[in-house]
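The letter at position 223 of the sequence shown is residue 223 when you use UniProt numbering, and the numbering goes up by one with no holes. Note that the Cβ used here is the ideal one computed from N, Cα and C, for glycine as well. These figures come from a predicted structure and were not determined experimentally.
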Amino acid sequence: MQNEKNIKGQGAQRNVINRFDRYTFEPDEEDLEMIKTSFTEVFPKTIVNQVKSEDLPMEYSMNPYQGCEHGCSYCFARPTHEYWGYSAGIDFERKIMVKKNAPELLETFFRKRGYKPAPILLSGNTDCYQPAERQFEITRKMLQVCLDYRHPVNILTKNALVLRDLDILKPLAEQNLVSVSLSIPTMNEELRRKMEPRTSSSKNKLKAVEVLSENNIPVHVMVAPVIPGLNSDEPLNILKSISEAGAKSFGYTLVRLNDTVEPVFVQWIEASFPDRAQKVLNLIRSMRGGKLGEKRYFDRQKGDGNIAEMIHNTFKIGRKKFFDGKEFPKLSTENFTGTKEQQLRLF
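So this is what it looks like as structure tokens:
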């Protein structure tokens, strides 16, 4: 059912029922826009997670925040908020858990006896440069730990706030220890404000690609997610723009709406695009065997059907036209010794 009111600057239009709870709290509609973002400090025992998904390229990830203010209705991380007793809807965007001890935990991880270094993704779940980072600076402190220990780190973000930390990123890059992946699903600013309401503007993200590249920091761009009927006509324009700005490579994903992401997205698109909501949902189903989600490894990445094939072919054309001959560097682990002191590794 279509919402009567679209909450501006918000992806989720209301809370959705937590899969693990018998009861749920739903604020009155008139109170929704009055709910302010709250921050709760949590105290995890570890910060580095081993990635076990068969179709993902990284070995480790780390996330300084749980929940994300960016407000993307399609965010695959939304269901993880339910394990904390919250909803994947509004709670995910407005109840943010902050891991202030993350830098200390990371240093402890680096000092583990027998640890063999491998690039760590910052972050693999919720955005490490979401608005809360301006206040807490946890990501910045974690990058400093990586620099101190000469450990490679890949950054994934939707926010141009990453440029704030150029003073750390530049010496990391000089030792081939860092790369940045920026998510740019659209260059249409009106669409961007609805798809990801609290991220940096498309213009500012493209500028970030340019500035990072000028400072010899390798940039990868994720065109994600591709949503048929919304941004599926943009890939070639995006690839041309990011290539000219200096990006060395790109990736993309087709939208998938697993678990409680599905009701959040459905509510959002009915509120934001009532004239084409059903068309978009049906196009997604055409790529997902009649469903809106897909959990099977590898299948979840590629989709099937004519629409999915058309999108894949468009990116193949864009890769050949705009990225032919470009290579993305492999980060170095050779100078990591498990200590802050610069010393020769013993074999």
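From which residue to which residue does the beta strand (DSSP E) around residue i run?
{"i": "Thr157", "result": "153-157"}
{"i": "Lys95", "result": "95-98"}
{"i": "Ser179", "result": "178-183"}
{"i": "Gly318", "result": "Per DSSP, Gly318 belongs to no beta strand (DSSP E); it is in the alpha helix (DSSP H), 305-322."}
{"i": "Phe39", "result": "38-41"}
Just checking my contact of residue i with residue j at CB under 8 Å: how many whole Å lie between their CB atoms?
{"i": "Lys291", "j": "Arg285", "result": "6 Å"}
{"i": "Pro117", "j": "His151", "result": "6 Å"}
Kindly list the residues whose CB is nearer than 7 Å to the CB of residue i, restricted to its own chain and excluding five residues on each side of it in sequence; keep chain order.
{"i": "Glu341", "result": "none"}
{"i": "Asn176", "result": "Pro329, Leu331, Ser332"}
{"i": "Thr186", "result": "Arg192, Met195, Ser202, Asn231, Glu234"}
{"i": "Lys326", "result": "Lys248, Ser249"}
{"i": "Glu133", "result": "Thr139, Leu161"}
{"i": "Ile238", "result": "Ile184, Met187, Val223"}
If you check the beta carbons only, do residue i and residue j fall under 8 Å apart?
{"i": "Phe328", "j": "Lys248", "result": "yes"}
{"i": "Cys68", "j": "Gln144", "result": "no"}
{"i": "Ile217", "j": "Val261", "result": "no"}
{"i": "Pro119", "j": "Met58", "result": "yes"}
{"i": "Asn215", "j": "Ala271", "result": "no"}
{"i": "Leu283", "j": "Pro228", "result": "yes"}
{"i": "Ser53", "j": "Tyr297", "result": "yes"}
{"i": "Gln50", "j": "Tyr60", "result": "yes"}
{"i": "Phe322", "j": "Ser243", "result": "yes"}
Ignore the nearest five residues each way along the sequence and tell me which others in residue i's own chain have a CB closer than 8 Å to its CB.
{"i": "Pro235", "result": "Val223, Val226, Tyr252, Ile311, Thr314, Phe315, Gly318"}
{"i": "Leu106", "result": "Ile47, Val48, Met62, Met142, Val145, Cys146"}
{"i": "Glu339", "result": "The sequence given here places Thr at residue 339; Glu does not occur at that position. These residues qualify, in order along the chain: Arg111, Tyr149."}
{"i": "Phe109", "result": "Thr46, Ile47, Val48, Tyr115"}
Taking residue i as part of the alpha helix (DSSP H), name the residues at either end of that continuous run.
{"i": "Val220", "result": "Correcting the residue identity first, residue 220 is His in this sequence and not Val. Per DSSP, His220 belongs to no alpha helix (DSSP H); it is in the beta strand (DSSP E), 219-226."}
{"i": "Leu121", "result": "Where Leu121 is concerned, there is no enclosing alpha helix (DSSP H), although the beta strand (DSSP E) it sits in stretches over 120-122."}
{"i": "Tyr149", "result": "138-149"}
{"i": "Thr108", "result": "102-110"}
Cutting at 6 Å between CB atoms, please list the residues of its own chain near residue i, excluding the five before and the five after it.
{"i": "residue 388", "result": "The chain is shown from 1 up to 347; residue 388 falls before or after that span and cannot be answered."}
{"i": "Leu257", "result": "Phe265, Leu292, Gly293"}
Exercise for the section: Assess, as a yes-or-no matter, whether the stretch 91-98 is touched by the stretch 34-44 under the definition of 3 or more beta carbon pairs within less than 8 Å. Expected result: yes
So, does the stretch 191-211 touch the stretch 142-161, judging by three or more C-beta pairs under 8 Å?
yes
Across the stretch 140-156 and the stretch 78-88, are there enough close Cβ pairs to call them in contact, namely three or more that are closer than 8 Å? Judged by Cβ distances under 8 Å, the stretch 140-156 makes no contact with the stretch 78-88, as fewer than three pairs qualify.
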